[in-house]
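Under the UniProt record's numbering, the first residue of the sequence shown carries the number 1, and numbering increases by one thereafter. Below: the structure, in structure tokens.
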Amino acid sequence: MLTSKVAKRYAQGLLDFTNESGQTATVFSEMKDVVKLMSESKELNRFFLTPYIDTKKKIEVANEIFKGLSVSSQNLIRLVIKQGRENQLKNIAQEYINKVEDINGVQRITLTLATELSRDNINQILRSTHLVNVNSNFDLKVNINSDILGGYILRVGDQQVDASVKTKLNQVKKDFQLN
């Protein structure tokens, strides 16, 4: 997923601030809550994206929804809304999480499968590649996409292993067309 420059800049500013103030762990946890809430609530996203609702009303609602968060997190959310960037709130929170995980050496892994697999099979896939350090911390996200027909697509950071049946069939098709 591509992250906007806006999200990266806000996240870096927040990270710099929380590192200086010693609030990184607290805000990290809260940004996970923000991402979860924004992912699960279509109504909240629609509300924030509605252009005819004024900024003051959006800030009032955000203050109520996020009242349990630290002052730093609340201030970030208010700033984002005041600047008209509320459509980037989820991305900013996710980018902050990614930056903190990078500092802590956590690998982000996405595994796309055609069907559900057992935990043992998933672990076997992870151990079969040099991209994953199974002895270190990693954050695994498993996606199910029947369009790949079988096999898997493993993405670790900016590297990818595509062992899907769909890709192999497309390669065979391409080879036949060339010959």
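For every residue, glycine included, the Cβ atom is placed at its ideal position computed from N, Cα and C. Predicted model only: the values in this text are computed from it and were never measured.
Cα-Cα separation between I103 and T50, rounded to whole angstroms: By one-based count along the sequence shown, residue 103 stands at place 103. By one-based count along the sequence shown, residue 50 stands at place 50. Cα to Cα, the separation comes out at about 36 Å.
Extent of the continuous beta strand (DSSP E) to which Q74 belongs: Numbered from 1 along the sequence shown, position 74 holds the residue referred to as residue 74. Per DSSP, Q74 belongs to no beta strand (DSSP E); it is in the alpha helix (DSSP H), 71–82.
Cut-off 7 Å between Cβ atoms - residues of its own chain near Y152, not counting five sequence neighbours on either side: To locate residue 152, count along the sequence shown from 1; it is residue 152. Excluding positions up to five away in sequence, the list reads L111, T112, L113, I125, A163, S164.
Limits of the unbroken alpha helix (DSSP H) element including T110: In the sequence shown, the residue the question calls residue 110 occupies position 110. T110 -> not in any alpha helix (DSSP H); beta strand (DSSP E) instead, spanning 107–113.
Buried or exposed by the 16-neighbour rule on C-beta atoms within 10 Å, applied to F28: Position 28 of the sequence shown, counted from the start, is the residue given in the question as residue 28. Label assigned to F28: buried.
Cβ-based burial, Q83 [other Cβ within 10 Å; buried from 16]: Counted from its first residue, the sequence shown places residue 83 at position 83. Q83 comes out exposed.
Cut-off 6 Å between Cβ atoms - residues of its own chain near A93, not counting five sequence neighbours on either side: Here residue 93 is taken as the residue at index 93 of the sequence shown, counted from 1. Excluding positions up to five away in sequence, the list reads M31, V34, V35.
For D139: DSSP bridge partner residues: Locating residue 139 in the sequence shown gives position 139, where the first residue counts as 1. Answer is R108.
Distance between L169 and S39 (C-alpha atoms, nearest Å): The residue labelled residue 39 in the question sits at position 39 within the sequence shown. The residue labelled residue 169 in the question sits at position 169 within the sequence shown. Each residue's Cα considered, the two are about 34 Å apart.
Residue of S70, G68, Q74 minimising C-alpha distance to K58: Here residue 58 refers to the residue found at position 58 of the sequence shown. It is Q74 whose Cα lies nearest to the Cα of K58.
For G150, the three-state DSSP class (helix, strand or coil): Counted from its first residue, the sequence shown places residue 150 at position 150. If DSSP states are grouped into helix, strand and coil, G150 belongs with coil.
Own chain, CB closer than 8 Å to V70, minus 5 neighbours either side, in chain order: What you label residue 70 is simply residue 70 of the sequence shown in a count that begins at 1. In the sequence on display, residue 70 carries Ser and not Val. Only Q23, T26, V27, E30 meet the Cβ criterion.
Proximity winner among L89, S72, L79, G68, relative to R46 (alpha-carbon distances): Along the sequence shown, read from residue 1 onward, the residue named residue 46 stands at position 46. Nearest option by C-alpha distance: L89.
Reduced DSSP category for D120 - H, G, I as helix; E, B as strand; rest coil: To locate residue 120, count along the sequence shown from 1; it is residue 120. Three-state DSSP puts D120 in a helix.
Cβ-Cβ distance between V156 and Q107 below 8 Å: Start at 1 with the first residue of the sequence shown, and residue 156 comes out as number 156. Start at 1 with the first residue of the sequence shown, and residue 107 comes out as number 107. Cβ atoms of V156 and Q107: closer than 8 Å.
Same chain, Cβ closer than 8 Å to V134, five either side skipped, listed in chain order: Residue mapping note: residue 134 aligns to position 134 of the sequence shown, counting from 1. N123, L126, R127, listed in sequence order.
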